[in-house]
Each structure stands twice: as structure tokens, then as C-alpha cells.
Amino acid sequence: MLVCVTQFSPPRPRRGRGFGIAATVVALVGILPNGIVWILAGTVDPNYGWLVFITLPWAVLMGAIAGVLGIIGITLARSEPGGYGWPVVGLVLGALQLLPAAVFLTDV
């Protein structure tokens, strides 16, 4: 009597997807305080605008970290199946966070 036992291989780790999700979360953590400050300054009281001086460095730091995590995620996603979606989203959100700082520092 021949019995065929099939074992499924364990799922491959998807490190690129993990780095992409981490980059997206870090980017959103940097975007959220700036969004709150802009909403407060536009609706409640314009004097809340000075809080941008506190939240802008935080956004730049989180944007840089998200950019690095997104680049690592894209690099790792090349060698494994699962796509580039999350790493690209994290990288784009990280780059978008650096734009307000660039506008603020260059006085355009």
C-alpha cells in the first residue's frame, strides 16, 4: 500500500511587503501632526500656526525614515513575489513629507 504524504512548504517571508507597510505607517505618523495643525490653524484659530515649527522637523525626520524603509522594501521586493505596492506607497509618502520642508527652507 502506497501512501503519498504531501507537505506544503512553509510560506516564504515577504520582507519587502513588511518594509513597505512599515514605511507607510512611519510616513503616516509624520503626516498626521501636520494635518492636525493645518486643520486647527484654518478652522479654530490662526494662532495655532506656530505649531508648524514643532511638527515640521518631526515630519522631515519621519519622511526620511520612511524613504529609507521604502527603498529597502523595493530592493527586497525585487527578489520575492508579492509586488511593489506597499514599498512604493511608503517611499512616495516619505518624499511628499520632505516637500513642505523644502518649500519652507527655500522660501518659494
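Letter by letter, the sequence shown follows residues -18 to 89 in the numbering used here. For every residue, glycine included, the Cβ atom is placed at its ideal position computed from N, Cα and C.
Candidates the options, of which the one nearest residue i by Cα
i     : options                          : result
Ile35 : Gly(-1), Pro68, Ile12, Tyr65     : Ile12
Leu86 : Gly(-3), Leu37, Gly16            : Leu37
Val73 : Leu21, Met43, Glu61              : Met43
Leu77 : Gly(-1), Gly16, Arg(-5), Arg(-2) : Gly16
For residue i, three-class secondary structure by DSSP
i        : result
Tyr65    : coil
Arg(-5)  : coil
Thr87    : helix
Thr56    : helix
Thr(-13) : coil
Residue environment, residue i, which counts as buried when at least 16 other CB atoms sit within 10 Å
i     : result
Trp67 : buried
Val25 : exposed
Gly1  : buried
Leu80 : exposed
Ala4  : buried
Arg59 : exposed
Ala40 : buried
Test: residue i CB closer than 7 Å to a CB of chain B
i     : result
Pro68 : In the displayed structure, chain B is absent; only one protein chain is listed.
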